[in-house]
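Scroll down for the structure; my scribbles are underneath it.
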Amino acid sequence: MIGTSSASRARRRRPAGEAVLGVDTHRDAHVAAVLSLVGEVIGTEEFLATAAGYRELLGWARASGTVRRAGVEGTGSFGAALSRYLLAQGVDVFDVNRFDRADRRRRGKSDPLDAENAARAVLSGRARAQAKTGDGPVEIARMYKLAKDSAVKARTQSISQLKAVLIRADPQLREELAGLGNAELLRTCAGLVDDSLHDEADETAVLHATRLAVGCALVFCAMSVLVDWDAGSLTPLRTVLWVTLSAGLCAVLLPARVTAGSGWLAARAPWRRRVIHTDALTSVRQFDGISSHLVLQDVHGHRLELDPRILAANPLLWHELDTGVRRSLERGTLRLGADLMERLGQHIDAETVEAVLRASGLS
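Sequential numbering from 3 applies to the sequence shown in our numbering.
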């Protein structure tokens with residue numbers, strides 16, 4: 003209860019009979035008025051639009067008499083929650099949409115007057131439409147309709163924007179897409195991927211990793227030969243041995259060429275190619291050592307090790323892997339690593355946003 007007038011307290015000391023409740027609803031607070039059966043105003047009060055406020059409102063009204071009927075403004079919006087509460091407490095709730103305009107002109111617009119008029123509308127019988135319960139199959143159907151209407155509106159807006167963009171597209175592209183229906187147009191445009199961006203990002207990551215592998219191998223070879231020479235035990239045979247070991251080290255460190263598609267991820271190393279089904283993963287683990295790497299395993303027992311930096315450098319690869327992980331979760335095959343992939347996704351998204359801002363000069 004937000005405030006109480008002295009007149010309201012005085013009226014409630016009278017013997018209680020049946021009373022009619024009227025409520026003018028708002029977003030944060032409701033104004034209530036209680037009338038006797040002869041139309042006398044017993045009291046008006048303002049209450050917070052909360053669960054505790056609803057209990058206080060009904061308790062305050064019942065202190066003035068037995069409340070069997072209530073007129074509530076806007077039972078489909080601000081008064082919906084209050085209407086459900088009153089109905090649950092055994093009070094018949096009537097939807098009050100219009101108040102007496104002549105009375106408003108005479109006495110002015112005020113919330114207590116609106117609440118009083120809501121109660122008088124119930125007393126006079128002008129308010130006959132009972133408030134909807136706001137639950138059950140009808141409410142479920144209404145929620146589905148709201149979701150459908152929103153999706154249809156978004157689809158229409160997307161198609162209109164796409165066609166507006168195509169007006170300024172290259173003439174050859176416009177000719178290829180001319181005459182396509184909406185569904186076919188969306189599928190065709192979704193497949194228009196700039197492969198140069200994919201190749202550029204992949205080549206950059208592979209080149210960096212290759213330079214690192216060759217550098218490590220050269221340092222290992224040089225250090226081994228120098229130590230052997232300093233000890234006086236360097237021979238042509240041992241030199242060939244150190245060069246061979248360095249070449250093997252370089253082959254081990256050389257990065258795999260990673261490619262991806264719908265439901266699969268492949269890593270091609272110099273000596274073999276590994277493929278894993280990303281839409282049927284069972285586990286995703288991350289190991290931190292000299293170089294952090296992910297280990298993916300699918301239901302067929304296939305394993306694949308992957309450097310997370312490759313995913314960060316190529317958002318298209320990450321998108322394919324993330325889509326596969328989501329499908330694995332939907333199918334119930336992924337039992338380990340869902341939280342890891344979520345954290346990795348947040349990290350990659352942050353790096354992508356930072357790179358875009360840096361490229362655009364905003365950072």
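We put the CB at the ideal spot given by N, CA and C, even for glycine.
Considering only their Cβ atoms, is the gap separating L214 from L255 smaller than 9 Å?
Translated into the one-based positions of the sequence shown, residue 255 becomes position 253. Translated into the one-based positions of the sequence shown, residue 214 becomes position 212. Cβ atoms of L255 and L214: closer than 9 Å.
At a cut of 8 Å, does the stretch 36 to 47 reach the stretch 110 to 127 through at least three beta carbon pairs?
Proximity of the stretch 36 to 47 to the stretch 110 to 127 meets the contact definition, three or more beta-carbon pairs being nearer than 8 Å.
Per the DSSP calculation, V277 is bridged to which residue(s)?
One-based indexing of the sequence shown puts residue 277 at position 275. In DSSP, V277 forms a bridge with A268.
Note down, in chain order, each residue of its chain lying with its Cβ closer than 6 Å to the Cβ of R329, except the 5 sequence neighbours on either side.
Locating residue 329 in the sequence shown gives position 327, counting from the first residue. D281.
For A117, collect the residues of the same chain with a Cβ closer than 7 Å to its Cβ; drop the 5 residues on either side in sequence, then sort them by chain order.
Here residue 117 refers to the residue found at position 115 of the sequence shown. So the qualifying residues of the chain are G24, V25, D26, V33, A34, A35 and T46.
Around the C-beta of V98, are 16 or more other C-beta atoms found within 10 angstroms, so that it is buried, or is it exposed?
Here residue 98 refers to the residue found at position 96 of the sequence shown. So V98 counts as buried.
On the DSSP letters alone, give me the boundaries of the beta strand (DSSP E) that T46 sits inside.
Looking up residue 46 in the sequence shown gives position 44. Counting along the chain, the beta strand (DSSP E) containing T46 begins and ends at V43 to L50.
Can you tell me which of M225, W231, L296 and T237 puts its alpha carbon nearest to the alpha carbon of S248?
Position 246 of the sequence shown, counting from 1, holds the residue named residue 248. Nearest Cα to S248 within the set M225, W231, L296 and T237: M225.
From this set, P139, A315 and G19, which residue's C-alpha is nearest A352's C-alpha?
Reading the sequence shown from its first residue, position 350 is the one you call residue 352. For A352, the nearest C-alpha among the options comes from A315.
Between L346 and L306, how many whole angstroms is the CB-CB distance? I'm expecting something under 8 Å.
As a working note, residue 346 is residue 344 in the sequence shown. As a working note, residue 306 is residue 304 in the sequence shown. Their Cβ separation, rounded to whole angstroms, is 15 Å, which puts L346 and L306 out of contact at 8 Å.
Are the stretch 136 to 156 and the stretch 60 to 76 touching by the rule of at least three beta carbon pairs closer than 8 Å?
no
Quick check on DSSP: helix, strand or coil for A224?
Counting from 1 along the sequence shown, the entry for residue 224 is found at position 222. Helix, per DSSP.
Three-state secondary structure assigned by DSSP to T325:
Here residue 325 corresponds to residue number 323 of the sequence shown, with the count starting at 1. DSSP places T325 in helix when its eight states are reduced to three.
Within 10 Å of its beta-carbon, does R122 have 16 or more other beta-carbons around it, so buried, or fewer, so exposed?
Taking the sequence shown and counting its residues from 1, the one referred to as residue 122 is at position 120. R122 is buried by the Cβ-count criterion.
As assigned by DSSP and simplified to three states, the class of L39
In the sequence shown, the residue the question calls residue 39 occupies position 37. Reduced to three states, the DSSP call for L39 is coil.
Rounding to the nearest angstrom, what Cα-Cα distance links A203 and L182 in this structure?
The sequence position of residue 203 within the sequence shown is 201, counting from 1. The sequence position of residue 182 within the sequence shown is 180, counting from 1. In this predicted model, A203 has a pLDDT of only 49, less than 50, meaning its place in the structure is not dependable enough to derive any value.
Nearest to Q159 (by Cα), restricted to the options A143, N184 and T135:
Indexing the sequence shown from 1 puts residue 159 at position 157. When only C-alpha atoms are compared, the closest one is N184.
What number of angstroms, rounded off, separates the C-alpha of D230 from the C-alpha of T246?
Your numbering for residue 230 matches position 228 in the sequence shown. Your numbering for residue 246 matches position 244 in the sequence shown. If you take the alpha carbons of D230 and T246, they lie about 15 Å apart.
Cβ atoms of A131 and F96: under 9 Å apart, would you say?
Taking the sequence shown and counting its residues from 1, the one referred to as residue 96 is at position 94. Taking the sequence shown and counting its residues from 1, the one referred to as residue 131 is at position 129. Yes. Within cutoff.
Beta-carbon contacts of R29 that lie in its chain and below 8 Å, excluding the five residues immediately before and after:
Here residue 29 refers to the residue found at position 27 of the sequence shown. Cβ within range, chain order: A51 and F80.
In chain order, what residues of the same chain lie with their CB nearer than 6 Å to the CB of R86, ignoring the 5 residues before and after it?
Numbered from 1 along the sequence shown, position 84 holds the residue referred to as residue 86. Answer for R86: G136, listed in chain order.
Compute the Euclidean distance between the alpha carbons of L39 and K155, then round it to the nearest angstrom.
For the purposes of this step, residue 39 is taken as the residue at position 37 of the sequence shown. For the purposes of this step, residue 155 is taken as the residue at position 153 of the sequence shown. Answer to the nearest angstrom: the Cα atoms are 49 Å apart.
Here's the rule I'm using: 16 or more other beta-carbon atoms within 10 Å means buried, otherwise exposed. How should Y56 be labelled?
Start at 1 with the first residue of the sequence shown, and residue 56 comes out as number 54. So Y56 counts as buried.
Nearest-angstrom Cα separation, counted from L283 out to H302:
Position 300 of the sequence shown, counted from the first residue, corresponds to residue 302. Position 281 of the sequence shown, counted from the first residue, corresponds to residue 283. Cα-Cα distance, rounded: 9 Å.
As a quick exercise: from V216, V74, I312 and F222, pick the residue whose alpha carbon is nearest that of A262.
By 1-based counting over the sequence shown, the position of residue 262 is 260. When only C-alpha atoms are compared, the closest one is I312.
Just grab the DSSP bridge partners of S285 for me.
Position 283 of the sequence shown holds residue 285. According to DSSP, which records beta bridges pairwise, S285 is partnered with Q299 and L338.
Can you tell me which of R337, Q348 and D300 puts its alpha carbon nearest to the alpha carbon of W320?
Residue 320 sits at position 318 when you count from the first residue of the sequence shown. Of R337, Q348 and D300, the residue nearest in Cα terms is Q348.
How many angstroms separate the CA atom of A82 from the CA atom of G76?
Position 80 of the sequence shown holds residue 82. Position 74 of the sequence shown holds residue 76. Taking the straight line from one Cα to the other gives about 7 Å.
Within 10 angstroms of its Cβ, does E177 collect 16 or more other Cβ (buried), or is it exposed?
Here the question's residue 177 lines up with position 175 in the sequence shown. In the assembly as shown, E177 is an exposed residue. Its beta-carbon has fewer than 16 other beta-carbons within 10 Å.
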